[in-house]
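Written below as structure tokens is the structure these notes are about.
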Amino acid sequence: MNRIYRVIWNCTLQVFQVCSELTRRVGKKSTVNLRKSSGLTTKFSRLTLGVLLALSGSASGASLEVDNDQITNIDTDVAYDAYLVGWYGTGVLNILAGGNASLTTITTSVIGGNENSKGTVNVLGGTWRLYDSGNNARPLNVGQSGTGTLNIKQKGHVDGGYLRLGSSTGGVGTVNVEGEDSVLTTELFEIGSYGTGSLNITDKGYVTSSIVAILGYQAGGNGQVVVEKGGEWLIKNNDSSIEFQIGNQGTGEATIRGGGLITAENTIIGGNATGIGTLNVQDQDSVITVRRLYNGYFGNGTVNISNNGLINNKEYS
1 MNRIYRVIWN CTLQVFQVCS ELTRRVGKKS TVNLRKSSGL TTKFSRLTLG VLLALSGSAS
61 GASLEVDNDQ ITNIDTDVAY DAYLVGWYGT GVLNILAGGN ASLTTITTSV IGGNENSKGT
121 VNVLGGTWRL YDSGNNARPL NVGQSGTGTL NIKQKGHVDG GYLRLGSSTG GVGTVNVEGE
181 DSVLTTELFE IGSYGTGSLN ITDKGYVTSS IVAILGYQAG GNGQVVVEKG GEWLIKNNDS
241 SIEFQIGNQG TGEATIRGGG LITAENTIIG GNATGIGTLN VQDQDSVITV RRLYNGYFGN
301 GTVNISNNGL INNKEYS
């Protein structure tokens with residue numbers, strides 16, 4: 001169908017509008033501020049966004065798409081079907097202090113969707129909750145086929161269900177959790193699903209995974225984690241079968257240094273035949289505590305301990 005309209009952001013009225021394709025926008029980049037204001041304006045802007053993005057074919061339903069060199073700032077309560085940041089081009093979403101972003105339906109959110117796209121989400125003191133209205137955990141792909149980055153800083157919180165970094169071949173996904181009271185909670189965490197994934201936990205940042213954490217999930221997947229400077233990753237709940245897999249079918253490497261801590265249940269290094277896993281514990285006060293450690297389960301596993309690093313293995317395997 002021939003479209004003769006497109007959607008632009010009206011900075012004066014603070015709403016999206018349908019305009020002729022000949023309408024010019026100002027500058028290369030645009031910024032949208034979803035700010036605290038009267039209830040009527042906030043609701044109208046959100047409703048307009050959902051309807052007009054659906055009309056333009058940019059997104060379905062009430063998904064928030066941040067693309068085409070756009071920067072969107074959230075510092076109030078918002079809820080969308082999904083968050084698509086850097087779907088085809090470049091997009092930046094900032095969830096600032098006072099911002100509380102959540103989901104309404106069972107849809108996957110994506111940072112860095114398609115090939116050559118680049119998406120960044122900065123959670124800077126705000127909260128991003130990746131559960132739907134029925135409290136069901138929803139997936140987040142960081143670096144689906146493009147490049148995606150999630151930064152959690154300044155006491156930001158991301159409450160996630162199923163996170164995949166580098167979820168498709170060619171995808172590159174990075175998560176940085178930095179600073180005290182900066183928190184990422186997950187249930188299932190794949191780092192390097194089919195592509196490349198990196199997790200960095202630093203300066204007392206804190207991450208939890210309550211079902212499974214995998215570095216290098218599928219053959220060709222490459223996952224790396226660095227926990228340093230008092231950062232901590234807790235991979236457990238009340239179920240002793242929880243697994244931390246370093247190199248399941250792909251390549252995985254976990255490095256603990258500078259007082260970093262990892263606590264896990266069953267830790268498997270080099271899980272399957274094609275899996276290659278490496279665990280590095282590099283200095284004093286850097287510790288991994290596990291219930292059981294399996295090195296070279298069916299694949300290739302390597303453990304490097306240096307400068308008084310510590311592996312606390314509760315049950316020898």
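The sequence shown finishes on residue 317 if you use the UniProt record's numbering, and the numbering steps up by one all the way, no holes.
Backbone N, C-alpha and C fix where the C-beta goes; we use that ideal spot for every residue, glycine too.
Assigned secondary structure, residue i (DSSP; H/G/I helix, E/B strand, else coil)
i: Arg-129; result: strand
i: Glu-65; result: strand
i: Asp-285; result: coil
i: Arg-138; result: coil
i: Asn-252; result: The sequence shown places Gly at residue 252, rather than the Asn named in the question. Gly-252: strand per DSSP, three-state reduction.
i: Asp-77; result: strand
i: Asn-312; result: strand
i: Asn-238; result: coil
i: Ser-102; result: strand
i: Asn-300; result: strand
Per DSSP, the bridge partner or partners of residue i
i: Asp-159; result: Arg-129 and Thr-185
i: Trp-233; result: Val-207 and Ile-262
i: Lys-118; result: Thr-90 and Thr-147
i: Lys-153; result: Leu-124
i: Gln-218; result: Partner(s): none; Gln-218 has no beta bridge.
i: Thr-72; result: Val-32 and Leu-93
i: Ser-109; result: Leu-140
i: Ala-82; result: Beta-bridge pairing links Ala-82 to no other residue.
i: Tyr-294; result: Ile-268
i: Asn-200; result: Asn-176 and Val-226
i: Thr-169; result: Per DSSP, none; premise fails for Thr-169.
i: Ala-273; result: DSSP output for Ala-273 lists no bridge partner at all.
i: Asn-280; result: Thr-255 and Asn-304
Cβ neighbour criterion (16 or more within 10 Å) applied to residue i
i: Thr-169; result: exposed
i: Gly-277; result: buried
i: Lys-314; result: exposed
i: Ala-59; result: Legend: pLDDT at Ala-59 = 32, less than 50; position of this residue unreliable, value from coordinates given subsequently. That one is buried.
i: Glu-265; result: buried
i: Asn-136; result: exposed
i: Asp-67; result: buried
i: Asp-81; result: buried
i: Glu-228; result: buried
i: Ala-62; result: buried
i: Asn-312; result: exposed
i: Ser-241; result: exposed
i: Asp-181; result: exposed
i: Glu-253; result: buried
i: Ala-101; result: buried
i: Asn-248; result: buried
i: Ala-273; result: exposed
i: Asn-73; result: buried
i: Asn-222; result: buried
i: Ser-306; result: exposed
i: residue 320; result: The structure shown does not extend to residue 320, since the chain is modelled only from 1 through 317, so no value can be given for it.
i: Glu-115; result: exposed
Test: residue i CB closer than 9 Å to a CB of chain D
i: Gly-250; result: Here there is only one protein chain, and chain D is not present.
Cβ-Cβ distance between residue i and residue j below 9 Å
i: Lys-236; j: Thr-255; result: no
i: Tyr-131; j: Val-177; result: no
i: Leu-103; j: Ile-71; result: no
i: Leu-150; j: Val-121; result: yes
i: Ile-106; j: Gly-119; result: no
i: Ser-117; j: Gly-195; result: no
i: Val-226; j: Leu-215; result: no
i: Gly-113; j: Asn-141; result: yes
i: Gly-99; j: Gly-125; result: yes
i: Gly-230; j: Lys-204; result: yes
i: Ile-211; j: Val-183; result: no
i: Ile-246; j: Gly-271; result: yes
i: Ile-269; j: Gly-220; result: no
i: Ser-209; j: Gly-166; result: no
i: Thr-127; j: Asp-75; result: no
i: Gly-148; j: Thr-174; result: yes
Any non-hydrogen atom of the ligand NAD closer than 8 Å to residue i Cβ
i: Ile-95; result: The ligand NAD is not part of the structure shown, which contains no ligands of any sort.
Q. With contact counted as at least three CB pairs below 8 Å, one residue from each stretch, are the segment 275-290 and the segment 241-261 in contact?
A. yes
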